[in-house]
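Let me begin by presenting the structure, written as structure tokens, before commenting on it.
Protein chains: 2
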Amino acid sequence: MDVTHDVARSITALPSELAAELAGLVGGRISTAPSDLYVRGKGECYHPSFPPDIICFPETTDEVAAVVRFARREQLPIVAFGAGTSLEGHTAALKGGICVDLSRMNRVVDVRPEDMDITVEAGVTRKQLNAYIRDTGLFFPVDPGADATLGGMASTRASGTNAVRYGTMRENVLSLTVVLPDGSIVKTANRARKSSAGYDLTRLFVGAEGTLGIITEVTVKLHGIPEAVTAAVCSFPDAASAVTAAIETIQCGIPVARVEFVDAVGMEAVNRFANLDYPVAPALFFEFHGSPSSVEEQAERAGEIALGNDGSGFAWAATPEERSRLWQARHDFHYAIMALRPGARIWGTDVCVPISKLPECIAFAQADAALAPFPVSSLGHVGDGNFHMSYVIDPEDADERAMAERLAERLGHHAISLGGTCTGEHGVGYGKAKFMTAEHGDAAIALMRLIKQSIDPDDLFNPSKILP
Amino acid sequence: MDVTHDVARSITALPSELAAELAGLVGGRISTAPSDLYVRGKGECYHPSFPPDIICFPETTDEVAAVVRFARREQLPIVAFGAGTSLEGHTAALKGGICVDLSRMNRVVDVRPEDMDITVEAGVTRKQLNAYIRDTGLFFPVDPGADATLGGMASTRASGTNAVRYGTMRENVLSLTVVLPDGSIVKTANRARKSSAGYDLTRLFVGAEGTLGIITEVTVKLHGIPEAVTAAVCSFPDAASAVTAAIETIQCGIPVARVEFVDAVGMEAVNRFANLDYPVAPALFFEFHGSPSSVEEQAERAGEIALGNDGSGFAWAATPEERSRLWQARHDFHYAIMALRPGARIWGTDVCVPISKLPECIAFAQADAALAPFPVSSLGHVGDGNFHMSYVIDPEDADERAMAERLAERLGHHAISLGGTCTGEHGVGYGKAKFMTAEHGDAAIALMRLIKQSIDPDDLFNPSKILP
Numbered sequence: 001m002d003v004t005h006d007v008a009r010s011i012t013a014l015p016s017e018l019a020a021e022l023a024g025l026v027g028g029r030i031s032t033a034p035s036d037l038y039v040r041g042k043g044e045c046y047h048p049s050f051p052p053d054i055i056c057f058p059e060t061t062d063e064v065a066a067v068v069r070f071a072r073r074e075q076l077p078i079v080a081f082g083a084g085t086s087l088e089g090h091t092a093a094l095k096g097g098i099c100v101d102l103s104r105m106n107r108v109v110d111v112r113p114e115d116m117d118i119t120v121e122a123g124v125t126r127k128q129l130n131a132y133i134r135d136t137g138l139f140f141p142v143d144p145g146a147d148a149t150l151g152g153m154a155s156t157r158a159s160g161t162n163a164v165r166y167g168t169m170r171e172n173v174l175s176l177t178v179v180l181p182d183g184s185i186v187k188t189a190n191r192a193r194k195s196s197a198g199y200d201l202t203r204l205f206v207g208a209e210g211t212l213g214i215i216t217e218v219t220v221k222l223h224g225i226p227e228a229v230t231a232a233v234c235s236f237p238d239a240a241s242a243v244t245a246a247i248e249t250i251q252c253g254i255p256v257a258r259v260e261f262v263d264a265v266g267m268e269a270v271n272r273f274a275n276l277d278y279p280v281a282p283a284l285f286f287e288f289h290g291s292p293s294s295v296e297e298q299a300e301r302a303g304e305i306a307l308g309n310d311g312s313g314f315a316w317a318a319t320p321e322e323r324s325r326l327w328q329a330r331h332d333f334h335y336a337i338m339a340l341r342p343g344a345r346i347w348g349t350d351v352c353v354p355i356s357k358l359p360e361c362i363a364f365a366q367a368d369a370a371l372a373p374f375p376v377s378s379l380g381h382v383g384d385g386n387f388h389m390s391y392v393i394d395p396e397d398a399d400e401r402a403m404a405e406r407l408a409e410r411l412g413h414h415a416i417s418l419g420g421t422c423t424g425e426h427g428v429g430y431g432k433a434k435f436m437t438a439e440h441g442d443a444a445i446a447l448m449r450l451i452k453q454s455i456d457p458d459d460l461f462n463p464s465k466i467l468p
Numbered sequence: 001m002d003v004t005h006d007v008a009r010s011i012t013a014l015p016s017e018l019a020a021e022l023a024g025l026v027g028g029r030i031s032t033a034p035s036d037l038y039v040r041g042k043g044e045c046y047h048p049s050f051p052p053d054i055i056c057f058p059e060t061t062d063e064v065a066a067v068v069r070f071a072r073r074e075q076l077p078i079v080a081f082g083a084g085t086s087l088e089g090h091t092a093a094l095k096g097g098i099c100v101d102l103s104r105m106n107r108v109v110d111v112r113p114e115d116m117d118i119t120v121e122a123g124v125t126r127k128q129l130n131a132y133i134r135d136t137g138l139f140f141p142v143d144p145g146a147d148a149t150l151g152g153m154a155s156t157r158a159s160g161t162n163a164v165r166y167g168t169m170r171e172n173v174l175s176l177t178v179v180l181p182d183g184s185i186v187k188t189a190n191r192a193r194k195s196s197a198g199y200d201l202t203r204l205f206v207g208a209e210g211t212l213g214i215i216t217e218v219t220v221k222l223h224g225i226p227e228a229v230t231a232a233v234c235s236f237p238d239a240a241s242a243v244t245a246a247i248e249t250i251q252c253g254i255p256v257a258r259v260e261f262v263d264a265v266g267m268e269a270v271n272r273f274a275n276l277d278y279p280v281a282p283a284l285f286f287e288f289h290g291s292p293s294s295v296e297e298q299a300e301r302a303g304e305i306a307l308g309n310d311g312s313g314f315a316w317a318a319t320p321e322e323r324s325r326l327w328q329a330r331h332d333f334h335y336a337i338m339a340l341r342p343g344a345r346i347w348g349t350d351v352c353v354p355i356s357k358l359p360e361c362i363a364f365a366q367a368d369a370a371l372a373p374f375p376v377s378s379l380g381h382v383g384d385g386n387f388h389m390s391y392v393i394d395p396e397d398a399d400e401r402a403m404a405e406r407l408a409e410r411l412g413h414h415a416i417s418l419g420g421t422c423t424g425e426h427g428v429g430y431g432k433a434k435f436m437t438a439e440h441g442d443a444a445i446a447l448m449r450l451i452k453q454s455i456d457p458d459d460l461f462n463p464s465k466i467l468p
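Those protein sequences? They're chains R and G, same order as listed. Numbering of the first sequence is given in the UniProt record's numbering, commencing with residue 1 and proceeding in unit increments. Numbering of the second sequence is given in the UniProt record's numbering, commencing with residue 1 and proceeding in unit increments.
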């Protein structure tokens with residue numbers, strides 16, 4: 001891998017006796033190979049890499065705690081790393097230091113089908129988790145697209161296509177094991193489905209992006225695999241009609257499992273990429289879960305709502321094969337639109353607004369980008385009011401990068417002005433820290449800072465993330 | 001009201017110039033009447049009253065902030081009060097000081113049916129809220145039984161009978177306005193259904209019982225009133241069969257809206273109290289929400305599961321009148337079992353365990369109380385693994401009080417040993433602070449204490465609550 005460009009900081013090698021001491025804490029599992037350091041500091045984002053100075057690969061919570069105590073003694077920054085699928089520079093070692101790579105903490109600790117929950121180490125990925133429980137009749141629904149680790153998903157409060165039905169990581173994490181900056185190990189909660197016993201430590205760490213501690217174990221809720229699943233695609237004359245149909249579906253209380261919006265540019269890209277022939281027009285992708293009669297009823301009612309909003313060609317996919325082809329098209333979106341332009345990369349952003357503001361917010365985003373010299377596409381988990389803009393830019397063109405950044409910035413502020421958030425699911429990292437004061441206000445930011453300072457007084461844990 | 005006994009602290013009158021200054025901050029709305037003070041320090045609990053020294057009745061968030069700044073300057077403890085329906089001494093002014101009674105902050109700020117959310121002042125009660133939105137086709141589901149205020153419900157992370165379907169306050173609060181101990185006013189979040197933008201300040205205050213700030217406004221999710229509702233009661237030969245049926249109903253993914261367990265003692269009490277003729281045997285009360293065909297299907301499947309667990313007499317209540325009579329019986333439970341013994345009061349406790357541990361935990365609670373000289377009944381929101389024990393004691397009998405306390409204490413610890421919590425929905429107050437270390441461990445308690453100290457360094461906000 002060529003790591004000579006796209007690197008925004010120079011590596012400072014640890015003195016060899018310190019590196020040796022660190023290695024001793026984790027059974028010798030460290031790396032200082034430049035390509036390894038590059039990857040850890042990069043993620044899947046459009047930001048340059050800020051490589052850490054050294055990577056260690058602990059295999060137990062106690063090893064993580066030992067590394068944390070070491071980092072504290074030496075006052076070295078410490079950044080946790082899972083699968084590296086984050087999008088806003090979450091794993092960038094802005095101030096260097098130690099990357100704690102949790103990929104070797106990939107064991108399933110305990111699965112309890114009778115309680116519909118599972119405890120895994122932080123480095124287990126969602127696909128690995130679902131493969132493990134394949135025979136239990138249960139599944140873990142949170143699906144951010146990438147095969148992220150559970151620790152990473154908890155840290156960014158991830159969600160995805162079916163959060164509208166099953167919730168995000170906020171709702172699905174029951175408990176966490178966390179190593180705090182002082183080296184102590186906290187279990188944030190028991191496994192009861194509800195509790196009124198004290199501060200919600202679980203939710204303190206869900207979404208904290210490793211700035212308050214390192215998550216080493218995650219206990220999540222599981223859900224029953226639905227007896228029946230159906231899916232459908234429907235085309236609309238314009239984005240507003242499609243989004244309005246989605247909103248009405250939610251407002252009517254149809255317990256839709258997924259309702260995804262893809263604009264005309266995206267549909268054309270998907271057709272080309274996967275050799276399909278969907279109408280080149282804004283579309284909604286639906287999925288319904290339940291009993292056979294219930295999914296039929298849900299689909300019928302959603303179909304009526306779509307028709308009432310000038311939807312056409314409500315195309316059913318009742319068999320697993322058809323359904324999987326349909327959703328493959330949706331899942332290919334990212335690569336399909338990237339393929340619109342050879343050599344291009346995607347500058348992506350996501351916002352989330354109260355659902356009634358969604359048509360206005362999408363219209364703003366599309367109009368604002370209308371004159372952009374690069375392809376632009378919008379895609380949304382619209383049942384939650386959440387959508388993504390993808391700016392398909394030439395990564396070597398500074399003007400295009402600057403324009404994409406400006407468009408994303410204007411969109412973030414517009415979403416905030418509509419009572420929404422600058423990020424529904426990507427997280428803040430350092431890429432979106434600039435929005436935080438506008439979104440939360442000075443008093444809330446001061447409170448977040450107070451929490452950060454009291455738990456991590458030396459500012460060693462993923463420094464310069466989240467807070468502006 | 002006779003306030004001479006059942007009072008555990010003596011009132012210290014504020015110097016008159018301070019009382020006058022406080023009155024000036026809230027338009028003269030203060031009280032020092034002993035009966036008012038008694039009620040504020042009592043709640044609906046079995047603990048004695050710890051009256052505050054003075055009560056003020058702010059009408060705006062700014063007035064609350066002014067009172068907080070005053071309290072801080074004078075280093076006076078400050079305890080928020082809503083409807084006074086808490087059960088573990090949450091509103092007891094253990095160290096005296098100012099009671100901030102939020103009952104005059106009872107306005108609906110904004111209702112947005114199109115976004116299915118509503119913002120109310122903290123003193124609005126749940127019945128008032130639901131009356132206000134009666135014509136929107138929406139409702140607010142969280143129902144702890146008592147007509148609590150939204151601020152109080154958020155503060156204790158309340159839930160109730162239909163949390164199994166609609167979630168607790170943890171899942172239903174979108175945003176809070178909170179006055180912090182430093183007098184600043186924080187809005188914890190925007191109204192987007194999901195967000196990854198920073199620390200989850202909302203969940204920091206949900207369940208914090210007024211120890212970190214005073215909630216003055218609450219924004220909650222609303223849900224569509226289901227098109228169809230049906231209910232049923234089913235009797236079982238023993239508690240274990242009933243609870244197993246409830247567990248299987250959940251495990252099968254039937255989206256039951258309510259599934260409540262009442263033991264034989266409770267059913268007999270309800271029969272007597274409301275002149276009904278249900279079989280005197282452990283029972284499950286079900287409620288199903290959905291489309292007409294979906295509720296029929298749910299009820300059918302739940303009925304089959306009940307039959308498979310030796311349930312009998314699955315009694316339908318399809319009409320609103322029958323349903324309301326059925327649920328009235330369930331709602332009368334508290335008064336019905338109190339009526340088993342003239343002059344008695346209920347010492348109540350609640351625990352919550354992973355659902356598979358529920359039969360064992362209920363069996364423990366019943367066996368442990370088998371020799372008690374007073375009536376004992378158990379009742380549960382069993383779909384969540386949550387149940388209540390009611391010890392029907394003579395409040396003047398110190399031995400009975402001591403025995404009830406001992407039984408509750410043993411049950412709390414047993415629930416914790418099963419991976420559960422000492423309280424699923426009542427909260428900690430000061431009554432359950434003794435369980436906190438056993439439940440959470442030293443490191444988690446130290447973290448909670450750190451949060452408390454950093455946000456409320458003078459320990460003025462509801463002091464000596466939650467933390468041991």
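In this text, a Cβ means the ideal position worked out from N, Cα and C, and glycines have one as well.
Considering only residues of the same chain and omitting the five flanking positions on each side of residue 247/R, which have a CB-CB separation below 6 Å? Around residue 247/R: 355.
For a contact defined as C-beta to C-beta under 7 Å, what are the partners of residue 426/R on chain G? 196
Taking all protein chains shown into account, decide if residue 365/R is buried (16 or more other Cβ within 10 angstroms of its Cβ) or exposed. buried
My parser needs the alpha helix (DSSP H) runs of 4 or more residues fully inside the stretch 377-458 of chain G; what are they? 398-417, 436-440, 442-455
Looking only at C-alpha atoms, which of 464/G, 455/G, 36/G sits nearest to residue 183/G? 455/G
Own chain residues within Cβ distance below 6 Å of residue 203/G, not counting five before or after: none
When the Cα atoms are used, what is the spatial distance from residue 44/G to residue 396/G? 17 Å
Could you give the DSSP three-state label for residue 220/R: helix, strand or coil? Residue 220/R sits in a strand when the DSSP states are folded into three classes.
Taking 8 Å as the cut-off, decide whether the C-beta atoms of residue 345/R and residue 375/R are in contact. In this structure, residue 345/R keeps its C-beta atom at 8 Å or more from the C-beta atom of residue 375/R.
Could you round the C-beta distance between residue 380/R and residue 260/R to whole angstroms and report it? I think they count as a contact, below 8 Å. 7 Å
Please report how far the alpha carbon of residue 283/G lies from the alpha carbon of residue 267/G, in whole angstroms. 8 Å
On the CB-based measure, 16 or more other CB atoms within 10 Å of its CB, does residue 258/G come out buried or exposed? buried
Is there a C-beta anywhere in chain R that falls below 8 Å from the one on residue 366/G? It does not; no Cβ of chain R falls within 8 Å.
CB contact check: residue 115/R to chain G, cutoff 8 Å: yes
Grab me the residues of residue 133/G's own chain with a C-beta within less than 8 Å of its C-beta, minus the 5 sequence neighbours each way, in chain order. Once the five neighbours on either side are set aside, the close Cβ partners of residue 133/G are 111, 113, 118, 139, 140, 222.
Beta carbon of residue 351/G nearer than 8 Å to that of residue 422/G: Yes, Cβ-Cβ distance for residue 351/G and residue 422/G is below 8 Å.
Under 9 Å by beta carbon: chain R residues contacting residue 440/G: 186, 187, 188, 189, 190, 197, 198, 201
Residues of its chain near residue 446/G, where Cβ-Cβ distance is below 7 Å and the 5 sequence neighbours each way are ignored: none
Within 8 Å (strictly less), CB to CB, does residue 171/G reach chain R? yes
Considering only the beta carbon of each residue, do residue 65/G and residue 179/G sit closer than 8 Å? Cβ atoms of residue 65/G and residue 179/G: closer than 8 Å.
Over the uninterrupted beta strand (DSSP E) stretch that includes residue 165/R, give me the two end residues. Not the beta strand (DSSP E): residue 165/R falls in the alpha helix (DSSP H), residues 163-166.
Looking at the C-beta of residue 6/G, does it have a partner C-beta in chain R at a distance below 8 Å? no
Going along chain G, which residues have a C-beta under 8 Å from residue 297/R? By Cβ distance, chain G contributes 291, 293, 294.
Same chain, Cβ closer than 6 Å to residue 29/G, five either side skipped, listed in chain order: Only 57 meet the Cβ criterion.
Can you tell me whether DSSP reads residue 1/G as helix, strand or coil? Low per-residue confidence applies at residue 1/G: pLDDT is 40, beneath 50, and the placement is therefore not dependable enough to give any value.
Per DSSP, which one or two residues make a beta bridge with residue 289/R? 229/R
Answer with buried or exposed for residue 16/R, where buried requires no fewer than 16 other C-beta atoms within 10 angstroms of its C-beta. Residue 16/R should be labelled exposed.
By the three-class DSSP mapping on this structure, what secondary structure does residue 465/G have? coil
Out of 147/G, 174/G, 195/G, state which residue places its alpha-carbon closest to the alpha-carbon of residue 157/R. Closest by alpha carbon: 195/G.
List the residues of chain G whose Cβ lies closer than 8 Å to the Cβ of residue 352/R, in chain order. From the beta-carbon of residue 352/R, the residues of chain G found nearer than 8 Å are 192, 193, 194, 195.
According to a CB-to-CB cut-off of less than 8 Å, which residues of the stretch 358-386 of chain G neighbour chain R? Taking 8 Å as the Cβ-Cβ cut-off against chain R, the residues of the stretch 358-386 of chain G that qualify are 384, 385, 386.
Residue environment, residue 467/R, which counts as buried when at least 16 other CB atoms sit within 10 Å: buried
Given a threshold of 16 other Cβ atoms within 10 Å of its Cβ, counted over all protein chains shown, does residue 294/R qualify as buried or as exposed? Around the CB of residue 294/R, 16 or more other CB atoms lie within 10 Å, so the residue is classed as buried.
Which residues does DSSP pair with residue 98/R in a beta bridge? 54/R, 78/R
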